[in-house]
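Remarks on the structure that follows.
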Amino acid sequence: MSEHGRTRVLLVDDDVRIGRALGLALGDEGVDVEAVHTGEQALVSARPDVDVVLLDLMLPGIDGLTVCRRLRETGDLPIIMVTARSDCADVIAGLEAGADDYVTKPLVAGELAARIRALLRRRRPAPAAPRRITVGDVELRPDEGTVLRDGVPVHLTRTEFRLFAELAAAGGRIVTRDELLSRVWGYEYHGDTRLLDVHVRRLRRKVELDPDRPVLVLTVRGAGYKIGDAGPDAALPGVVPVSGRGG
67 MSEHGRTRVL
77 LVDDDVRIGR
87 ALGLALGDEG
97 VDVEAVHTGE
107 QALVSARPDV
117 DVVLLDLMLP
127 GIDGLTVCRR
137 LRETGDLPII
147 MVTARSDCAD
157 VIAGLEAGAD
167 DYVTKPLVAG
177 ELAARIRALL
187 RRRRPAPAAP
197 RRITVGDVEL
207 RPDEGTVLRD
217 GVPVHLTRTE
227 FRLFAELAAA
237 GGRIVTRDEL
247 LSRVWGYEYH
257 GDTRLLDVHV
267 RRLRRKVELD
277 PDRPVLVLTV
287 RGAGYKIGDA
297 GPDAALPGVV
307 PVSGRGG
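Numbering (this note's numbering), first residue to last: 67 to 313.
Right, dumping it as structure tokens:
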């Protein structure tokens, strides 16, 4: 956040014209844009005072996927990736690399501003819940924004934490995909569940002992997801205790 309370976005795009246009358009939305044009510049410019990174995948030099992975290795700075098409494999690849969200070209300032605001809302406390929730050997502390397994911290991004907190707060009840998209991402995705399914896979890799046989984050066929009890009989009729390709 800038000293004037405005949101600060680092735009990484090799098209100088896009940087200029977005800088002007987002300025009216209370967003200051710093534009860089290569992956190398992005890694240097991702300072603590940056609120959100808007990252094009197609970059000269270090590509966007590599930049995304490196940024994710060093922290949980919110990342929105930019793709040319919403139906291409780039969307899945970018989300798997650690992006929190994605937008497609041509970029619309109003939509971008809405997504940026939704990302920043995840800095707020998690949903109302007990101070500590224990699921198997994992302890979730919503008021602290932390997750521990056997007392050892598990690093989750803000989005992953929010997703886990929503499921845990439901207390074993099924949470539909649409509910999770609305509560975690903050706006409608019109049936596009790739965003959710990839984040569930990423969450499972961090909180499950065996992500391919999950017992904490369970898929309920045709309904959504629910939190499990981590016991050997955690699977109930209709509950799928395997990660699968589709989340």
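Even glycine gets a Cβ: it sits at the ideal position worked out from N, Cα and C.
In DSSP terms, what residue i is bridged to
{"i": "Glu205", "result": "Thr200, Leu214"}
{"i": "Ile293", "result": "Val283"}
{"i": "Ala234", "result": "Note: Ala234 sits in no beta bridge, so no partner."}
{"i": "Leu77", "result": "Ala101, Leu120"}
{"i": "Val169", "result": "Val148"}
{"i": "Thr242", "result": "Gly290"}
{"i": "Pro219", "result": "Leu214"}
Integer-rounded CB distance, given that residue j should sit under 8 angstroms from residue i
{"i": "Asp209", "j": "Arg197", "result": "5 angstroms"}
{"i": "Tyr291", "j": "Val281", "result": "Actually they are not in contact, since the Cβ atoms of Tyr291 and Val281 sit about 13 angstroms apart, beyond 8 angstroms."}
{"i": "Ala108", "j": "Val82", "result": "Contact doesn't hold; Cβ gap of about 15 angstroms is too wide."}
{"i": "Thr259", "j": "Arg243", "result": "5 angstroms"}
Own chain residues within Cβ distance below 7 angstroms of residue i, not counting five before or after
{"i": "Gly96", "result": "Arg72, Thr73"}
{"i": "Ile240", "result": "Val286, Ala289, Gly290, Lys292"}
{"i": "Pro172", "result": "none"}
Residue i versus residue j - alpha carbon distance
{"i": "Gly85", "j": "Cys154", "result": "24 angstroms"}
{"i": "Gly202", "j": "Asp295", "result": "6 angstroms"}
{"i": "Arg249", "j": "Val119", "result": "22 angstroms"}
{"i": "Arg279", "j": "Met124", "result": "35 angstroms"}
{"i": "Val75", "j": "Asp117", "result": "6 angstroms"}
{"i": "Gly211", "j": "Ala235", "result": "13 angstroms"}
{"i": "Phe230", "j": "Val273", "result": "9 angstroms"}
{"i": "Leu326", "j": "Leu275", "result": "No answer is possible for residue 326: the residues shown for the chain start at 67 and end at 313."}
{"i": "Val213", "j": "Glu177", "result": "32 angstroms"}
{"i": "Thr149", "j": "Asp122", "result": "6 angstroms"}
{"i": "Arg267", "j": "Phe227", "result": "13 angstroms"}
{"i": "Val169", "j": "Glu232", "result": "24 angstroms"}
{"i": "Ala165", "j": "Gly237", "result": "28 angstroms"}
{"i": "Ile146", "j": "Ile128", "result": "17 angstroms"}
{"i": "Leu262", "j": "Ala159", "result": "14 angstroms"}
{"i": "Leu247", "j": "Arg151", "result": "21 angstroms"}
{"i": "Ala192", "j": "Trp251", "result": "With a pLDDT of only 48 at Ala192, under the threshold of 50, the placement of this residue in the model should not be trusted; the figure read from the coordinates follows. About 13 angstroms."}
{"i": "Val305", "j": "Val102", "result": "Here Val305 scores only 37 on pLDDT, less than 50, and its place in the model is too uncertain to base an answer on."}
Own chain residues within Cβ distance below 6 angstroms of residue i, not counting five before or after
{"i": "Leu161", "result": "Val264"}
{"i": "Pro126", "result": "Asp80, Thr104"}
{"i": "Gly297", "result": "Model confidence at Gly297 stands at a pLDDT of 43, short of 50, so the residue's coordinates are unreliable; what they give is reported in the following sentence. Excluding residues within five positions, none has a Cβ falling inside 6 angstroms."}
{"i": "Gly130", "result": "Leu121, Asp122, Leu123"}
{"i": "Leu206", "result": "Ile199, Val213, Ala234"}
{"i": "Val204", "result": "Arg215, Val273"}
{"i": "Ala163", "result": "Leu131, Cys134, Arg135"}
Same chain, Cβ closer than 8 angstroms to residue i, neighbours up to 5 away in sequence not counted
{"i": "Asp142", "result": "His221, Leu222, Thr223, Arg224"}
{"i": "Val133", "result": "Val78, Gly105, Ala108, Leu109, Leu121, Leu125"}
{"i": "Ala175", "result": "Leu88, Ala91, Leu92, Asp94, Glu95"}
{"i": "Pro219", "result": "Thr212, Val213"}
Taking contact to mean 3 or more Cβ pairs, one atom from each stretch, closer than 8 angstroms, check whether the segment 154-171 and the segment 104-117 are in contact.
no
If we count Cβ pairs, one from each stretch, closer than 8 angstroms, do we get three or more for the segment 76-93 versus the segment 135-142?
no
Contact the segment 98-105 vs the segment 169-186: 3+ CB pairs below 8 angstroms:
The segment 98-105 vs the segment 169-186: no contact.
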